[in-house]
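Below is one structure, written out as structure tokens; the observations come after it.
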Amino acid sequence: MNIRNVDVLIVGGGPAGLAAAAELHRQGVTDILICEREKQPGGILRQCIHDGFGLTRFGESMSGPEYADRFIREVKEAGIPLITNASVTDITKDRLVTVVTPEGLLKVQARAVVLAMGCRERTRGALAIPGERPAGVYTAGVAQAYMNLYNRMPAKEAVILGSGDIGMIMARRLTLEGVKVKAVYEIMPYAAGLPRNVEQCLNDYGIPLYLSHTVTEIHGDHRLTAVTVSAVDEHLKPIPGTEEKIPCDTLILSVGLLPENELSLGAGVTLDPRTRGAEVSEYYETDVPGIFSAGNVLHVHDLVDFVSMEAEKLARSVTRYLADGLPACGIAVTCDRSVNHTVPMRLSGTEDVMLSLRVSRPGRDVTVRVTQGGREVAAKKMKKALPAEMIQLVLKAEKITGTEDLEVTVS
Amino acid sequence: MGVLYDAIVIGGGVVGSAIARELTRYRLNCAVLEKNADVCYETSGRNTGVCHGGFAYDIGSLKGRFCVEGNRLMGDLADELGFSFERCGKVLVGFTEWDYNRLLEVIKQGEALGATGLRMIDKEELHRLIPAVEGEFAMLSENSGIIDPFGLTIAYAENAAENGCRYFLDHEVTAIAREGENWKITAGGEEFVTRWVINAAGLSCGKISEMLGIPGYRMIYSKDDYIILDERMGKLVPMPIYTVPSNLYMGIHVTRTTDGNVLLGPSAEDTMNNSWYGVEQKNIDMLYDEAMKIWPHVKRGDYIRTYSGILPKWTDENGRIQDFKIEILDDIAPHAVNLVGIESPGLTASTPIARYVLELMKAREDLQENPDFNPVRQASVRFAKLPEEEQARLIEEDPNWGELVCRCQKVTKAEILRAIHNPLGVNTMVGVKYRTRAMMGRCQGGYCQMRIEQMLEEELGLAPEEVDFNRRNAPALFGKVRDDA
Numbered sequence: 008m009n010i011r012n013v014d015v016l017i018v019g020g021g022p023a024g025l026a027a028a029a030e031l032h033r034q035g036v037t038d039i040l041i042c043e044r045e046k047q048p049g050g051i052l053r054q055c056i057h058d059g060f061g062l063t064r065f066g067e068s069m070s071g072p073e074y075a076d077r078f079i080r081e082v083k084e085a086g087i088p089l090i091t092n093a094s095v096t097d098i099t100k101d102r103l104v105t106v107v108t109p110e111g112l113l114k115v116q117a118r119a120v121v122l123a124m125g126c127r128e129r130t131r132g133a134l135a136i137p138g139e140r141p142a143g144v145y146t147a148g149v150a151q152a153y154m155n156l157y158n159r160m161p162a163k164e165a166v167i168l169g170s171g172d173i174g175m176i177m178a179r180r181l182t183l184e185g186v187k188v189k190a191v192y193e194i195m196p197y198a199a200g201l202p203r204n205v206e207q208c209l210n211d212y213g214i215p216l217y218l219s220h221t222v223t224e225i226h227g228d229h230r231l232t233a234v235t236v237s238a239v240d241e242h243l244k245p246i247p248g249t250e251e252k253i254p255c256d257t258l259i260l261s262v263g264l265l266p267e268n269e270l271s272l273g274a275g276v277t278l279d280p281r282t283r284g285a286e287v288s289e290y291y292e293t294d295v296p297g298i299f300s301a302g303n304v305l306h307v308h309d310l311v312d313f314v315s316m317e318a319e320k321l322a323r324s325v326t327r328y329l330a331d332g333l334p335a336c337g338i339a340v341t342c343d344r345s346v347n348h349t350v351p352m353r354l355s356g357t358e359d360v361m362l363s364l365r366v367s368r369p370g371r372d373v374t375v376r377v378t379q380g381g382r383e384v385a386a387k388k389m390k391k392a393l394p395a396e397m398i399q400l401v402l403k404a405e406k407i408t409g410t411e412d413l414e415v416t417v418s
Numbered sequence: 058m059g060v061l062y063d064a065i066v067i068g069g070g071v072v073g074s075a076i077a078r079e080l081t082r083y084r085l086n087c088a089v090l091e092k093n094a095d096v097c098y099e100t101s102g103r104n105t106g107v108c109h110g111g112f113a114y115d116i117g118s119l120k121g122r123f124c125v126e127g128n129r130l131m132g133d134l135a136d137e138l139g140f141s142f143e144r145c146g147k148v149l150v151g152f153t154e155w156d157y158n159r160l161l162e163v164i165k166q167g168e169a170l171g172a173t174g175l176r177m178i179d180k181e182e183l184h185r186l187i188p189a190v191e192g193e194f195a196m197l198s199e200n201s202g203i204i205d206p207f208g209l210t211i212a213y214a215e216n217a218a219e220n221g222c223r224y225f226l227d228h229e230v231t232a233i234a235r236e237g238e239n240w241k242i243t244a245g246g247e248e249f250v251t252r253w254v255i256n257a258a259g260l261s262c263g264k265i266s267e268m269l270g271i272p273g274y275r276m277i278y279s280k281d282d283y284i285i286l287d288e289r290m291g292k293l294v295p296m297p298i299y300t301v302p303s304n305l306y307m308g309i310h311v312t313r314t315t316d317g318n319v320l321l322g323p324s325a326e327d328t329m330n331n332s333w334y335g336v337e338q339k340n341i342d343m344l345y346d347e348a349m350k351i352w353p354h355v356k357r358g359d360y361i362r363t364y365s366g367i368l369p370k371w372t373d374e375n376g377r378i379q380d381f382k383i384e385i386l387d388d389i390a391p392h393a394v395n396l397v398g399i400e401s402p403g404l405t406a407s408t409p410i411a412r413y414v415l416e417l418m419k420a421r422e423d424l425q426e427n428p429d430f431n432p433v434r435q436a437s438v439r440f441a442k443l444p445e446e447e448q449a450r451l452i453e454e455d456p457n458w459g460e461l462v463c464r465c466q467k468v469t470k471a472e473i474l475r476a477i478h479n480p481l482g483v484n485t486m487v488g489v490k491y492r493t494r495a496m497m498g499r500c501q502g503g504y505c506q507m508r509i510e511q512m513l514e515e516e517l518g519l520a521p522e523e524v525d526f527n528r529r530n531a532p533a534l535f536g537k538v539r540d541d542a
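Top line first, the protein sequences correspond to chains A and B. Be aware that the first sequence starts at 8, since it is given in the numbering used here, and climbs by one per residue. Be aware that the second sequence starts at 58, since it is given in the numbering used here, and climbs by one per residue.
Here you go:
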């Protein structure tokens, strides 16, 4: 089998992969190959026909396909090779990549590999929701794909479990197509998705949101006939006696996204237990030299704008890596329970770094504090901090000294 | 009058389909009536998939005899029929002196049944075989193994169909009557006339038995809930791990499927309901706790899904579970082979059971061998398991091999197409899943199910609302969002 050589192989032609490719090209790296498993590039944006994309990156509101199209056009105009219908099935730690395509099995040796596979949805099985297994249990993304890409109606009367952004957007989308969305149930005492989606997708359409509630049983031996919902206590355990059986034909799940890192694991990349994405340096390099990761495969983002911007930063790092290598990153970033996760997890201490993080629970008038050996490196005061929103702050290089760990807390 | 069949099998599960395959060894015009849209939708597809060693049954029982025989046959059967089978062995782990003595009894019982390769192993050997297990000692059954239960059932059915047996899916039997020298069976609104009838209805065996005029079987059902874990955990379960059995119950076990997933279960609860497959929270919690005692590696993050299965058992008036019943009552129901209470180890014992059925028939009628019978079925090709050179060759032959439809299990379009055009005419989404493993991975069809639905529409000319998820009248979708422009 012939082995093709490239400077950079990008796994995934979604928002992260496209933005990385475009920026690499601007930086003068042109020997690139993007492998996209779908028939068209664009990733999950293709099915996101609602608007609100691009406000941060481009200062205007676009639909998902419009947002993707900006990058697709740039990639095409730059003549960056992009193969679709091409599934990467293996990456070695030496960056030999196997790609399955209808044109044949490709072997590509890359100097750098960019992991941009995005994320997948948590399923009913992963939650182990009790009950029967009828037709009509869909994740929000699957329901969205059926409606927006395949012109297929997944529901007539739906209940939604989980108040993730896609779940709320689907509540509105289903309602607009005549589906009766009975309610959204959220196990936590606060909404999982963005406040603007609670307003624009639920409140504006009169769809009730029940906090501290979950689905405790699924009914139906053919198509789904009903779900039982229960209130939960402060330990998230269902409270006996609060069960209510709600007739419906569809249960839509919006219960979390998981970075899709099976290929990364195969390449020997260490994952962070908090993000479930790769453990990366400030240059978005994983612990396997030459393998980089950005976007939702690294950590789940709230806005695609940040995905693109992260991938663009990654591209600049890859450019440096190819030209003259990257500084060592020996300073670990740690956090306590008040912080859900941070990215990156290792720093060089030689240059300013943007730290991304999410809080573990909602808070008011909180301060995000980054310290090193008790000294404050950076702090950000916030009127409101929500787990649904990514927080970013800049760490100045001159404030970081020695190799001691940095600690991130929210109080 | 329409066709006169020589033999009709009621129930296309693993036992019914094994019988159908044995029938096609003879010059018999035969058919299978299956109430579901596929052949492994009840007990045959909802179990642990263990090829039992044959030591857990009463001495002199058919269960013991057929299990030992079926275990011996399984390797050859797998070669002929092309389903996944591994003779990986199995352990029963113990902790106490009582456990030790009980295991010695199990060995003695197994040897009396004709099982071989049974021996006690010490802690050191146990942990050499399975580093991740708990236990002070164990009984090793070298000949036990694991089977792909969907693969086995489908292989029997497809081989039977290829050898001329007709499969009528969605044909639930609603009435049986004696008509002269023949049986008239009403199923799915159609009438079938046959000289022989074989009751292999599994969970409905009691009901069919009564329709044949053989009343009096007390049925009880054992419902088993299971948890399935991610296939990356499979390497920690090189062989099934059981606890020490009591006389009545095998205990919670931790097993591996032939595809590497880990199974925790069963919960084993007696019920009178033979059709409710709901998994209960209390069982999910219990399975976690019990499995952790022998295999402390269960993590919630590795849950893929849960499922449940039901075993049909018949009991005496004191509630004691009885042996397999396989009978012909010439006076009451001539030319009717009645199988009752075919529960575990039915999967392992399926071919010996089928051969016994044929023996009973041959004792009453000369059967002519079918010279055209072909025992070999072409195994379906699993792209993901092939060496790269072979993968490259297939793609060159047909580009559909180069299009991955299911990312988790790496199932290609070519495999999905073969499954859609299966010889039984199964046309559900779960039918594709059972035949290819698409949608069985960690994303549970999040990536591929839309494509599979679309391919079912296109390949079979179905409207969107006609594509059923698992059972007939279980639509996946409600038509289109917009009419096509």
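No residue lacks a Cβ here, since even glycine has one placed at the ideal position from N, Cα and C.
Next on the checklist: Here's the rule: buried if 16 or more other CB atoms are within 10 angstroms of the residue's CB, otherwise exposed. What is residue 392 of chain B?
Outcome noted: buried
Checklist entry - Among B:255, B:290, B:106 and B:154, which has the Cα closest to the Cα of residue 384 of chain B? => result B:255
Item to check | Where residue 360 of chain B sits in the DSSP three-state scheme | outcome: strand
Checklist entry - Using 8 Å as the limit for Cβ to Cβ distance, is residue 366 of chain B near chain A? => result no
Checklist entry - Is it buried or exposed for residue 303 of chain B, if we count other Cβ within 10 angstroms and need 16 for buried? => result exposed
Checklist entry - Distance, Cα to Cα, residue 227 of chain B vs residue 509 of chain B? => result 22 Å
Item to check | residue 445 of chain B at chain A interface by Cβ criterion, 8 Å | outcome: yes
Checklist entry - In angstroms, rounded to a whole number, what distance separates the CA positions of residue 171 of chain B and residue 324 of chain B? => result 29 Å
Checklist entry - Once you ignore the five residues that flank residue 410 of chain A on each side, which residues in its own chain have a CB closer than 7 Å to its CB? => result 337 and 338
Next on the checklist: Threshold first: 3 residues or longer. Then list the beta strand (DSSP E) segments lying entirely within the stretch 44-87 of chain A, N to C.
Outcome noted: 58-60
Next on the checklist: So, for residue 142 of chain A: in the same chain, excluding its five sequence neighbours on each side, which residues have a beta-carbon less than 6 Å away from its beta-carbon?
Outcome noted: 230
Checklist entry - Any Cβ of chain B within less than 8 Å of the Cβ of residue 212 of chain A? => result no
Next on the checklist: I'd like to know if the stretch 194-205 of chain B and the stretch 154-173 of chain B are in contact, where contact means that at least 3 CB-CB pairs between them fall below 8 Å.
Outcome noted: yes
Checklist entry - What residues from chain B crowd round residue 128 of chain A, counting only those whose CB sits closer than 7 Å? => result 503
Checklist entry - Taking residue 397 of chain B as the reference, which of B:273, B:353 and B:519 has the closest Cα? => result B:273
Item to check | Near-chain B residues of the stretch 168-189 of chain A (beta-carbon distance less than 7 Å), N- to C-terminal order | outcome: 184
Checklist entry - How is the beta strand (DSSP E) around residue 39 of chain A delimited, first residue to last? => result 39-42
Item to check | Buried or exposed (CB count within 10 angstroms, at least 16 for buried), residue 383 of chain A | outcome: exposed
Next on the checklist: When you compare the CB positions of residue 457 of chain B and residue 470 of chain B, do they come within less than 8 Å of one another, or not?
Outcome noted: yes
Checklist entry - Below 8 Å, can you find three or more Cβ-Cβ pairs linking the stretch 262-270 of chain A to the stretch 283-293 of chain A? => result yes
Checklist entry - Which residues, taken in chain order from the stretch 304-328 of chain B, show a beta carbon closer than 7 Å to some beta carbon of chain A? => result none
Checklist entry - Quick one: is residue 401 of chain A buried, meaning 16 or more other Cβ sit within 10 Å of its Cβ, or exposed? => result exposed
Next on the checklist: Out of A:31, A:133, A:108 and A:67, which one is the CA nearest neighbour of residue 361 of chain B?
Outcome noted: A:133
Checklist entry - Taking just the CA atoms, how far does residue 238 of chain A sit from residue 180 of chain A? => result 26 Å
Item to check | Beta-carbon neighbours of residue 448 of chain B, restricted to chain A and to distances below 8 Å | outcome: 107 and 112
Item to check | C-alpha distance - residue 314 of chain A paired with residue 496 of chain B, whole-angstrom precision | outcome: 28 Å
Checklist entry - Buried or exposed: where does residue 506 of chain B fall if 16 or more other Cβ atoms within 10 Å of its Cβ makes it buried? => result buried
Checklist entry - Considering only residues of the same chain and omitting the five flanking positions on each side of residue 516 of chain B, which have a CB-CB separation below 8 Å? => result 474, 477 and 478
Item to check | Closest by C-alpha distance to residue 340 of chain A, when choosing among A:300, A:377 and A:24 | outcome: A:377
Item to check | Where residue 83 of chain B falls: helix, strand or coil (DSSP) | outcome: strand
Checklist entry - Listed in chain order, which residues of the stretch 508-527 of chain B have Cβ atoms closer than 8 Å to some Cβ of chain A? => result 510, 511, 521, 525, 526 and 527
Checklist entry - In or out: residue 418 of chain A buried (at least 16 other Cβ within 10 Å) or exposed? => result exposed
Next on the checklist: Mapping the DSSP letters down to three states, classify residue 11 of chain A as helix, strand or coil.
Outcome noted: strand
Checklist entry - residue 280 of chain A: buried (16+ other C-beta within 10 angstroms of its C-beta) or exposed? => result exposed
Item to check | the stretch 52-72 of chain A contacting the stretch 345-353 of chain A, beta-carbon criterion three pairs below 8 Å | outcome: no
Checklist entry - Are any of the Cβ atoms in chain A nearer than 8 Å to that of residue 468 of chain B? => result no
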